[in-house]
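Each remark here refers to the structure printed beneath this line.
Protein chains: 2
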Amino acid sequence: MTPVWLNGRLLDASAAAIPAGDFGFLYGEGLFETMRASDEGIAYLDRHLSRLRRSAERLGLPLPEESDLRWGLAELRSAAGGGERRVRLTVTRGSAGNPFDPAPAPPTVLIVAQPIPPRLERWRAVYALLRRDETNPLRPVKSVSYFENLWARREARSREADEALFLNSRGELVEGAATNLFLLKGEELFTPPESAGGLPGISRSVILDRAGEIGLRAAEAPLFPSDLEEADAAFLTNAVMGAASLVAIEGKPIGDASSEVVLPRLRSLLWRSEDFQRP
Amino acid sequence: MTPVWLNGRLLDASAAAIPAGDFGFLYGEGLFETMRASDEGIAYLDRHLSRLRRSAERLGLPLPEESDLRWGLAELRSAAGGGERRVRLTVTRGSAGNPFDPAPAPPTVLIVAQPIPPRLERWRAVYALLRRDETNPLRPVKSVSYFENLWARREARSREADEALFLNSRGELVEGAATNLFLLKGEELFTPPESAGGLPGISRSVILDRAGEIGLRAAEAPLFPSDLEEADAAFLTNAVMGAASLVAIEGKPIGDASSEVVLPRLRSLLWRSEDFQRP
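Going down the list, the sequences are from chains A and B.
Read in my numbering, the first sequence has 22 at position 22, and its numbers run on one by one without any break.
Read in my numbering, the second sequence has 1039 at position 39, and its numbers run on one by one without any break.
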């Protein structure tokens, strides 16, 4: 039995079903957060819930009370047992009738916990065939309308790579399909600003906040492919895998041995005991 | 009882449910077609199924056999009774496990028939706050990752308009949130080319094919806001409403009285008896 939490109830995954009129299914109108959980709680839960709330406000999507979401997360954590898990929280508009003039409807809330997949330590990337539009006011929204990310990652895999790196319409680096990007130059870490058109990742925000603790300055800055190709090291981050090294772009190696020195220090910034919050 | 057809079975809409692991729900990975049906059949069914197939090929999405889709459409038409209906066919990847490395899975197929909403005759538009990316190879795909279209239309409504018109990154006109655009200049009809980044609409394709029959030349051409603002008339089209007049952009009236003369002629090109095909 794999438990999931759906609209207030714990169910076996095989029994969890969404009404066919749900706007998540029909129109991709919903939000999600993917989080890392351990016996101690959910890493950066407050940051995840805060991003969810900001996205919902931008979209005009009604959210359940935060206390209900926390209750669901706690219930699912109990039912799923302890250990490290990837927890996905999905909230959609529910079955709201006319898509252009939706009726008030209870949101659909789905929470699923799964084993954490093995972490790839050394990533190879290619440039995505899709680009990000930095002018899009909905770009910071982590929406279930996510098929372009899947397509880009799979397309990268067909080119013997592990991740697709998106550029924006100005030719700046933005992010990977499911990762944020950091470049190391000397003692400085750089990541594209949110205004480049990427998702404001949670591990990214923690690294920006704490890099000083490992003697690095970290800043947002516009970055171009030439910056990546000339970096001392490059890293990919997300909430579930933390940080890993990006070692090649379009088949060309990136950086020098700094990556191996800096990666453990970067990782020491993430997932501290106090970062895991009980829902 | 409102019947829907889901994966081979007729069900009441209230009982139709999608597994919570469906990629349409979790990742917006699916396609849809919205069609107009009458007692005589479904208008332009071959064109709709052909667009669906092209989109699926571009996405790498497995489709059911076309004969199964036609069978479902026929069954639903019988169960739903005759009359004019808006029929939506949705196909998603189903529950395929790892999103970046999906397992083979039976696609989810949902068919729903609904009453046709009243047709607005005179549309007012504003320019969308989102733009289309004409370089995106997935733009011609009519995907269920559709929330930006909903958002743009609702945002237009908040500005006292009926439709949002998208520009692309070159500043060209592309399409509306749920419509294609035609401009009339003298005896010529123009619509943005597919390379502008829009969806290849079905009514649009029929009008392009048949405009000669009403003494108009019709062509694809790059169009800019100044072309719209100086047009003799403008029209919006889609598969369910056919054609209607676009009479204002950003509060400014468009064109002259030609619209009222040309609109009935445009409409005479659509929904001829022989256009309704039995599934």
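Glycine residues also receive a C-beta, built at the ideal position from the N, C-alpha and C atoms.
Here the structure is a predicted model, which is why all the values come from computation and not from measurement.
| Query | Result |
| --- | --- |
| Kindly indicate which three-state DSSP category Phe1023/B falls into: helix, strand or coil? | helix |
| Does any residue of chain B have a CB that is nearer than 9 Å to the CB of Ala178/A? | yes |
| Determine the direct distance from the alpha carbon of Leu199/A to that of Glu175/A, and round the result to whole angstroms. | 8 Å |
| Since Ser1078/B is in the alpha helix (DSSP H), which residue starts that stretch and which ends it? | Glu1066 to Ala1080 |
| What's the C-alpha gap between Pro19/A and Asp1022/B? | 12 Å |
| So if I threshold CB-CB distances at 9 Å, which residues from the segment 1224–1258 of chain B count as touching chain A? | none |
| Please check if any C-beta of chain A sits within less than 9 Å of the C-beta of Tyr1127/B. | no |
| Would Tyr348/A count as contacting chain B if we go by Cβ distances under 9 Å? | Within the shown structure, residues of chain A are numbered from 1 to 279, placing residue 348/A beyond reach of any answer. |
| As an exercise, report each continuous alpha helix (DSSP H) stretch of at least 4 residues that is fully enclosed by the segment 1180–1237 of chain B, in chain order. | 1202–1210 and 1225–1229 |
| Using a Cβ-Cβ distance under 9 Å, would Val1261/B count as near chain A? | no |
| Output yes or no for whether 9 Å exceeds the beta carbon distance between Ala1043/B and Leu1270/B. | yes |
| Buried or exposed: where does Gly1008/B fall if 16 or more other Cβ atoms within 10 Å of its Cβ makes it buried? | exposed |
| Measure the alpha-carbon distance for Arg1053/B versus Lys1142/B and round it to whole angstroms. | 11 Å |
| Are Ser268/A and Ile214/A closer than 9 Å when you measure CB to CB? | yes |
| Pull the bridge partners of Arg132/A from the DSSP assignment, please. | Asn168/A |
| Can you pull the DSSP bridge partners for Val1091/B? | Leu1031/B and Val1109/B |
| Taking contact to mean at least 3 C-beta pairs separated by less than 8 Å, is the segment 82–89 of chain A in contact with the segment 206–223 of chain A? | no |
| Can you tell me whether Pro1104/B is helix, strand or coil according to DSSP? | coil |
| What does Lys1252/B pair with, by DSSP beta-bridge criteria? | Ile1249/B |
| If you draw a straight line from the alpha carbon of Val1112/B to that of Ala1037/B, how long is it in whole angstroms? | 12 Å |
| Between the Cα of Glu1220/B and the Cα atoms of Ser1226/B, Leu1181/B and Glu1230/B, which residue gives the shortest distance? | Leu1181/B |
| What is the rounded straight-line gap between the Cα of Ala56/A and the Cα of Pro62/A? | 7 Å |
| Where Gly226/A and Val91/A are concerned, what is the direct C-alpha to C-alpha distance, given to the nearest angstrom? | Residue identity differs from the one stated: residue 226/A is Ser in this sequence, not Gly. Distance between the alpha carbons of Ser226/A and Val91/A is about 39 Å. |
| Can you tell me where the beta strand (DSSP E) holding Val126/A begins and where it ends? | Arg122 to Tyr127 |
| Helix or strand or just coil, what does DSSP make of Leu270/A? | coil |
| Leaving aside the five residues before and after Ser1050/B along the sequence, list all residues of the same chain whose C-beta is less than 8 Å from its C-beta, in chain order. | none |
| Excluding the 5 residues preceding and the 5 following Ala986/B in the sequence, name in chain order all residues of the same chain whose CB lies nearer than 8 Å to its CB. | Here chain B comprises residues numbered 1001 to 1279, so residue 986/B is not present and cannot be evaluated. |
| Could you give the first and the last residue of the continuous alpha helix (DSSP H) run that contains Leu45/A? | Leu45 to Leu59 |
| Tell me which same chain residues have a C-beta within less than 7 Å of the C-beta of Glu194/A, skipping the five on either side of it? | Pro140 and Pro200 |
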